[in-house]
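Numbering (our numbering), first residue to last: 141 to 444. Quick reminder that beta carbons are idealized off the backbone N, C-alpha and C, glycines included.
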Amino acid sequence: MMELKRLRHVVALADEKNFARAAERVHLSQSALSRSIQAAEAELRVQLFDRGTTEVVPTPVGSFFIARARKLLFDSNCLQRDIELYRSKQIGELAIGVGPFPAATLLPLLMPELRQDYAGVSLRVEVNNWQYLTQHLRNEELDFFVADTRDLPPDQDLDIDLLARQQGGFFVRARHPLLGKVSPQAADILDYGLASVRLPQAIRKVLAQLLGLPAGASLPVALECDDVQTLKRATLESDTILAAINAAVADEVRRGDMLPLVIPSFPAMHSEVGIVSLRGRSHSPVAQFVIRRFHELAEQHARA
């Protein structure tokens, strides 16, 4: 394959029709340019130019070759430009997965920033539970995902970068019957029904024990959904009790529409959110930026 540098010499001579002007254009001496053109003709085993007394004119095969050389040079220039844009996060593609609670708390802060500052990047976001996201990550349909990582097995093909511990608890609508009770008990939750995302097994086991369920009994969840907005709507319009991280219901609590349900016998609840990637996979510049912003936003939530 002929070097791009020599292709540029051929195209310059075709444009200028004169060795002296073409040599000046490509910053070579006239003799050096002449040797480069001769080398190209020797390599191709054809004559590219007729050397006349007044002008250098492409031969028919030369015109055929020059037309294709121009396209190669154009594509090369485009590739170089696109690499520069890619490095500066102005173009590219990014596919990420986000668990229900990060989708409700971190993602709304990040997406407007990405669309405003990196509008040339094509984004795809999948919101789902960690099991679904892990499968799609392994299928290389995602660059990485952000979710609660406590149920993730310590597999050798995954890297887990912990973001933050997000505190949580139980929440009910304003004027919920339990808010008037002096000392709500864990068993009261079962009377009204529990709503939550798909909880990690460790949390399910602890909740089952605290609720006084028989050993080995599964935790009864009245409404399990990975869409936090649906869970909040059901909680606001019924007596259902929501298990969620504090940040996911911060606006509703601030407005007084939803209130924490304090159960003295319950320990503090939390979610351990991390970024999960395929081990050994290099991230694009825009992916590196998004990961850094997830860290910054998680730290802000932790301090709030």
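Taking residue i as part of the alpha helix (DSSP H), name the residues at either end of that continuous run.
{"i": "L334", "result": "Here L334 belongs to no alpha helix (DSSP H); instead the beta strand (DSSP E) covers 334–336."}
{"i": "L250", "result": "247–257"}
{"i": "E280", "result": "First-last for E280: undefined, no H or E at that position."}
{"i": "E436", "result": "425–443"}
{"i": "I177", "result": "170–184"}
{"i": "A390", "result": "390–395"}
{"i": "V361", "result": "Run containing V361: none; DSSP gives neither H nor E here."}
Measuring alpha carbon to alpha carbon, tell me which residue in the options is nearest residue i.
{"i": "N386", "options": "L250, R191, V312, Q170", "result": "V312"}
{"i": "E156", "options": "F189, R394, A348", "result": "F189"}
{"i": "A304", "options": "R227, V196, T289", "result": "T289"}
Roughly how many angstroms lie between the CA atoms of residue i and residue j, to the nearest whole one?
{"i": "A162", "j": "F205", "result": "18 Å"}
{"i": "H441", "j": "L144", "result": "52 Å"}
{"i": "Y272", "j": "L250", "result": "22 Å"}
{"i": "R146", "j": "I177", "result": "8 Å"}
{"i": "R210", "j": "D391", "result": "59 Å"}
{"i": "V238", "j": "A154", "result": "55 Å"}
{"i": "G356", "j": "Q349", "result": "9 Å"}
{"i": "P404", "j": "S378", "result": "23 Å"}
{"i": "I300", "j": "P407", "result": "26 Å"}
{"i": "N217", "j": "A152", "result": "15 Å"}
Which two residues bound the contiguous beta strand (DSSP E) that contains residue i?
{"i": "G261", "result": "In the sequence under discussion, the amino acid at residue 261 is Val, which differs from the Gly named in the question. 261–267 is the extent of the beta strand (DSSP E) around V261."}
{"i": "Q325", "result": "It is not in any beta strand (DSSP E) - Q325 carries neither H nor E in the DSSP assignment."}
{"i": "H410", "result": "409–418"}
{"i": "L131", "result": "Any question about residue 131 goes unanswered here, given that the chain covers just 141 to 444."}
{"i": "F189", "result": "189–191"}
{"i": "A235", "result": "232–238"}
{"i": "D144", "result": "Inspection of the sequence shows that residue 144 is occupied by Leu rather than by Asp. No beta strand (DSSP E) holds L144; the alpha helix (DSSP H) holding it covers 144–156."}
Between residue i and residue j, how many whole angstroms is the CB-CB distance? I'm expecting something under 8 Å.
{"i": "A326", "j": "L363", "result": "Wrong, their Cβ atoms sit about 18 Å apart, outside the cutoff."}
{"i": "A374", "j": "A335", "result": "6 Å"}
{"i": "P242", "j": "V346", "result": "Not quite, the Cβ-Cβ distance comes to about 22 Å (not below 8 Å), so this is no contact."}
If I measure Cβ to Cβ from residue i and keep anything under 8 Å in the same chain, skipping five residues before and after, which residues do I get?
{"i": "G396", "result": "A314"}
{"i": "H423", "result": "D283, F284, S417, I431"}
{"i": "H149", "result": "A162, V166, L168, L173, S176, I177, A180"}
{"i": "A371", "result": "Before going further, note that residue 371 is Leu rather than Ala in the sequence given. Closer than 8 Å at the Cβ level, and outside the excluded window around L371, lie A335, S336, V337, L363, C365, L382, A384."}
Leaving out five residues before and five after residue i in sequence, what residues of the same chain have Cβ atoms less than 7 Å from its Cβ?
{"i": "V426", "result": "K229, G232, L234, Y258, V261"}
{"i": "T380", "result": "Y332, G333, A335, A362, L363, A374"}
Using a Cβ-Cβ cut-off of 6 Å (strictly less than) and excluding sequence neighbours within five positions of residue i, which residues of its own chain qualify?
{"i": "V186", "result": "V201"}
{"i": "R344", "result": "L359"}
{"i": "L302", "result": "G414"}
{"i": "M409", "result": "G308, G309"}
{"i": "V267", "result": "V238, A243"}
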